[in-house]
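Quick notes on the structure that follows.
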């Protein structure tokens, strides 16, 4: 998976198309990412003893997006990602647009 936690991404498909944010979580098994401030849903929460006396109600949280619906951002534009192996043998991600390391 070419998207990592902490990357700045832009949503390229779906209801939040054009929104940008930082990746909070990555789930490689289901190929999904959670982006800060994007794909907000409302969850209904029950009050229970395990939540230390917190009340029931509605909570807004970020839902996961499929990784194909986001792209890394470089200068405010989406970019594709490739890999390059340096002379010392380290593998680094590079922007297909500019060739710079990400």
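In our numbering, the protein residues as written are 4 to 105.
Just so it is clear, CB atoms sit at the ideal spot from N, CA and C, and this is done for glycine as well.
Computed from a predicted structure; not experimentally measured.
Other residues of its chain near residue i: CB distance less than 7 Å, five sequence neighbours each side excluded
| i | result |
| --- | --- |
| residue 105 | 75, 84, 96, 97 and 98 |
| residue 103 | 97 |
| residue 9 | 25 and 26 |
| residue 20 | 14 |
| residue 35 | 67, 68, 69 and 70 |
Close Cβ partners of residue i (< 8 Å) along its chain, the five nearest in sequence each way excluded
| i | result |
| --- | --- |
| residue 43 | 63, 64, 65 and 66 |
Beta-carbon separation (whole angstroms), residue i vs residue j, contact threshold 8 Å
| i | j | result |
| --- | --- | --- |
| residue 88 | residue 4 | Incorrect: roughly 18 Å between the Cβ atoms, too far for contact. |
| residue 17 | residue 38 | Going by Cβ atoms, the distance from residue 17 to residue 38 rounds to 11 Å, so no, they are not a contact pair. |
| residue 41 | residue 7 | Not confirmed; about 17 Å, so no contact. |
Per DSSP, cross-strand counterpart(s) of residue i
| i | result |
| --- | --- |
| residue 104 | 97 |
| residue 28 | 37 |
| residue 80 | 77 |
| residue 11 | 25 |
Cutoff 6 Å; reference residue i; Cβ partners in own chain excluding five residues on either side
| i | result |
| --- | --- |
| residue 45 | 61 and 63 |
| residue 31 | 4 |
Inset, instruction - Give, in chain order, every unbroken run of the beta strand (DSSP E) that is at least 3 residues long and sits entirely within the segment 39-77. - result: Complete beta strand (DSSP E) runs here, min 3: 43-48, 60-65 and 73-77.
Inset, instruction - Could you say if the segment 52-66 and the segment 87-96 meet the contact criterion of at least three C-beta pairs nearer than 8 Å? - result: By the Cβ rule, the segment 52-66 does not count as touching the segment 87-96, because fewer than three pairs are nearer than 8 Å.
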